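*Asks:* Please see the structure below; I have some questions.
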Amino acid sequence: MRRAPGALAGPALLLVLVASLFPLYWSVVVASHDGASTSTGALPLLPGGELVDHVRAVFEAVDFRAALANSAIVAVTVTASNVLLSTLAGFAFAHLRFRGRRALLGLVVGSVMVPAQLGVVPLFELMGWLGWYGDLAAVVAPGLVSAFGVFWMRQACREAVPRELVDAARVDGCSSVRIWWHVVLPAVRPQAVVLAMLTFLAAWNDFFWPLVVLDPVESPTVQVALSHLAGGYYTDYPLVLTGAVLGTAPVVVLFALPARRLIAGLRRVPVDR
Amino acid sequence: MRTQVSFARRGREAAPYLFIAPFFVLFATFGLYPLLRTAWLSLHRWDLLAGPVEFTGLANYARLFADPFFYNALANTASIFLVGAVPQLVAALGIAALLDRPLRGRTAWQAVVLLPNVVPVVAVALVFTQLFMRDHGLVARILSALGAGPLDWQAHAWSAHLGVAIMVLWRWTGYHALLYLAAMQSVPRELHEAAALDGASRARSFRSVTLPGIRPTLLFTAVVSTIGGVQLFTEPRLFGGTSTGGNDRQFQTLVMYLHERGFEQLDAGYAATISWVLFALCALVALGNTALVRRLVGRW
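Protein chains in written order, with this note's numbering: chain A, 565 to 837; chain B, 98 to 397.
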């Protein structure tokens, strides 16, 4: 029995809509006006015509082209690696028998709750030893696989790959690697897409660690370049928000394509199952 | 022939370990090792660039527990968390209840609600900082149109905390709402029908059927938002532009203090000490949350 919406449901939803979209809309408005009209003049409510000029200015003020490329390299590498390595480990935990499986899985689950951010000081030291300070490798390497990903793909393998299928492939003489590649990977594609989206977003949005380990001028990611753009004594907001719009656009476009899948997948975030 | 068979079998026995090896090697290198080394570093006077200066035992901890800046950052973190998290989870429950009704364009609504979570935190912080500008920010102009004077958001602890909490709230409410919605839809409809037959009002049914039904999810979101709250950095850091969080450190959070000590003053041993205390705090708060949600929801 679904109850009919109450009288306040409509206005409440409208409020949610406006609150969700307004800050994004406002950033476009500010980005497309010159500084004077947004800081002293009348309050503009519609986008102006300066956006293209500001985009050009952003690319002049910081090496935004390199930053976009760096962020793309980091996010794509980390995403591909997470999906492959998590599915590999998830498959082993879900369908292969080996000694110590329970204890090792316990370690995975336990480490989901460990805030990795807190190990930054030795991690910084480690990157110095490896000679990776200021290098994208320093951002990519710690993100190559995550405990969450392994746990997520283990659940996916248990749901989407019937044990009989694995056994049948085994009887046909398939090695574990072949089973993983030909049976498991195709079967868990929907869950893998969701993991890929979540990983990509997290990698694209990461700020703290890249800020610590990358040079803000030489080799930043988009987020570090943005904060550099906003630093200094005087903040040119139209310029800064143009940068923010530029840094947001790729993820919003990416999100718009499979939003339905991402939402369906979010509803399966392993809570206690 | 026999050697081939045993080779194949050995391959099959080794395969699972090879499959999980990449995770454990990477986790050991970039997760576990730094965590353990943090403990070792915290027992030293240690320069970030020069390395160990001197073994000092628990001196860093003694210093930390007598450090007013540490308590200030702790109080700010707690304050921002409380101001942000409670309304956030309540609003998320409300939005989930709204979406858990017959609704045209359901997926579109869910996409809109999730959108803020997709936007990079840095962009969120910059947009809201612009909205909260002292004299000419949109919020200031609306306030002055309503007859209130302009407010220097960053100058006062309460307004700076509120500003940062609003950024967190905006970014995370929709995400939690979708988690709640998913949980609500898995509560058996018959329970609601039975409650209605017993004469329960809609509010009563929500309290007595829905909330207990989604308890695991409530717990999960409480833990997730707490751990996020303890680690809060990007929003307040960009709000003020420095790691000190305002002239009087009025909105410096614990991770900002960690960043200031470790990566600006290069006092790595002391930063490691802050890390360990933060880690203990995360564990403690997660446990506390579990107990709290169990008590609150279990009683109803």
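Each residue gets a CB set at the ideal place from its N, CA and C atoms; glycine is no exception.
Remember, it's a predicted structure, so these values are computed and weren't measured experimentally.
Can you find a CB in chain B that lies within less than 7 Å of the CB of T812/A?
*Replies:* Yes, T812/A counts as interfacial toward chain B.
*Asks:* Which chain A residues are close to R391/B, counting only those with a beta carbon under 7 Å from its beta carbon?
*Replies:* Chain A residues near R391/B: none, gap ~13 Å exceeds 7 Å.
*Asks:* Considering just the uninterrupted stretch of the beta strand (DSSP E) at W143/B, what are its terminal residues?
*Replies:* Residues H141 to D144.
*Asks:* From the beta carbon of R566/A, is the nearest beta carbon of chain B less than 7 Å away?
*Replies:* Caution is warranted here: a pLDDT of 45 is assigned to R566/A, below 50, making its placement in the model unreliable, and the coordinate value is therefore given only provisionally. Yes - at least one Cβ of chain B is within 7 Å of the one on R566/A.
*Asks:* Taking 7 Å as the CB-CB cut-off, is I263/B touching chain A?
*Replies:* So, not an interface residue.
*Asks:* Are the beta-carbon atoms belonging to V777/A and A702/A less than 7 Å from one another?
*Replies:* Yes, the Cβ-Cβ distance between V777/A and A702/A is below 7 Å.
*Asks:* If the cut-off is 7 Å on Cβ atoms, which residues from the stretch 783 to 795 of chain A count as contacting chain B, listed in chain order?
*Replies:* Cβ contacts with chain B come from Q787, L790, S791, A794 and G795.
*Asks:* Within 7 Å (strictly less), CB to CB, does V552/A reach chain B?
*Replies:* Outside the modelled stretch of chain A, which goes from 565 to 837, sits residue 552/A, for which no answer is possible.
*Asks:* Please name the residue or residues paired with D364/B in a DSSP beta bridge.
*Replies:* According to DSSP, D364/B bridges with D144/B.
*Asks:* For R109/B, return the contacting residues in chain A, with the cut-off set at a CB-CB distance below 8 Å.
*Replies:* Chain A residues near R109/B: S739 and S740.
*Asks:* Identify every residue that forms a DSSP beta bridge with E151/B.
*Replies:* Per DSSP, R142/B.
*Asks:* If you draw a straight line from the C-alpha of M565/A to the C-alpha of V647/A, how long is it?
*Replies:* Residue placement at M565/A is poorly supported in this model, since its pLDDT is 40, which falls under 50; the coordinates still yield a value, given next. Going by the C-alpha atoms only, they are around 40 Å apart.
*Asks:* How far does the alpha helix (DSSP H) with V673/A in it reach, from first residue to last?
*Replies:* Its alpha helix (DSSP H) spans residues R665 to V676.
*Asks:* Hey, is G683/A's beta-carbon within less than 7 Å of any beta-carbon in chain B?
*Replies:* Yes, G683/A counts as interfacial toward chain B.
*Asks:* Comparing the C-beta of F127/B with each C-beta of chain A, is any distance below 7 Å?
*Replies:* It does: the Cβ of F127/B has a partner Cβ on chain A nearer than 7 Å.
*Asks:* So, for L660/A: in the same chain, excluding its five sequence neighbours on each side, which residues have a beta-carbon less than 8 Å away from its beta-carbon?
*Replies:* Cβ neighbours of L660/A beyond the five flanking positions: S740.
*Asks:* My output table needs one value for D836/A: the three-state DSSP class, helix, strand or coil.
*Replies:* Note on D836/A: pLDDT 41, under 50, position unreliable in the model; no value is reported.
*Asks:* L765/A versus chain B: which residues are under 7 Å apart at the beta carbon?
*Replies:* Correct list: V215.
*Asks:* Using only the alpha-carbon positions, how far apart do R665/A and F657/A sit?
*Replies:* One C-alpha to the other measures close to 7 Å.
*Asks:* Would you check if the distance between the CB atom of V622/A and the CB atom of G807/A is smaller than 7 Å?
*Replies:* Yes, the Cβ-Cβ distance between V622/A and G807/A is below 7 Å.
*Asks:* Going by other Cβ atoms of all chains shown within 10 Å of its Cβ, with 16 needed for buried, is P726/A buried or exposed?
*Replies:* Answer is exposed; the Cβ neighbour count stays below 16.
*Asks:* Determine the burial state of E689/A: buried for a count of at least 16 other Cβ atoms within 10 Å of its Cβ, exposed for fewer.
*Replies:* Per the 10 Å Cβ criterion, buried.
*Asks:* Can you list, in chain order, the residues of its chain whose CB lies under 7 Å from that of T387/B, leaving out five sequence neighbours each side?
*Replies:* The answer, listed in chain order, is L316.
*Asks:* Beta-carbon of D836/A versus every beta-carbon of chain B: anything under 7 Å?
*Replies:* Note that D836/A scores 41 on pLDDT, short of 50, meaning its location in the model is unreliable and no value can be drawn from it.
*Asks:* Should N344/B be labelled buried (16 or more other beta-carbon atoms within 10 Å of its own) or exposed?
*Replies:* It counts as exposed.
*Asks:* Could you pull the start and end residues of the alpha helix (DSSP H) that L687/A belongs to?
*Replies:* Element bounds for L687/A: V684 to L694.
*Asks:* For chain A, is any of its Cβ atoms less than 7 Å away from the one on S372/B?
*Replies:* Chain A contact via Cβ: present.
*Asks:* Using DSSP with H/G/I as helix, E/B as strand and the rest coil, what is G698/A?
*Replies:* G698/A falls in the coil class under three-state DSSP.
*Asks:* P780/A touches chain B at which residues, Cβ-Cβ below 7 Å?
*Replies:* Result: empty, since nearest Cβ-Cβ is about 12 Å, beyond 7 Å.
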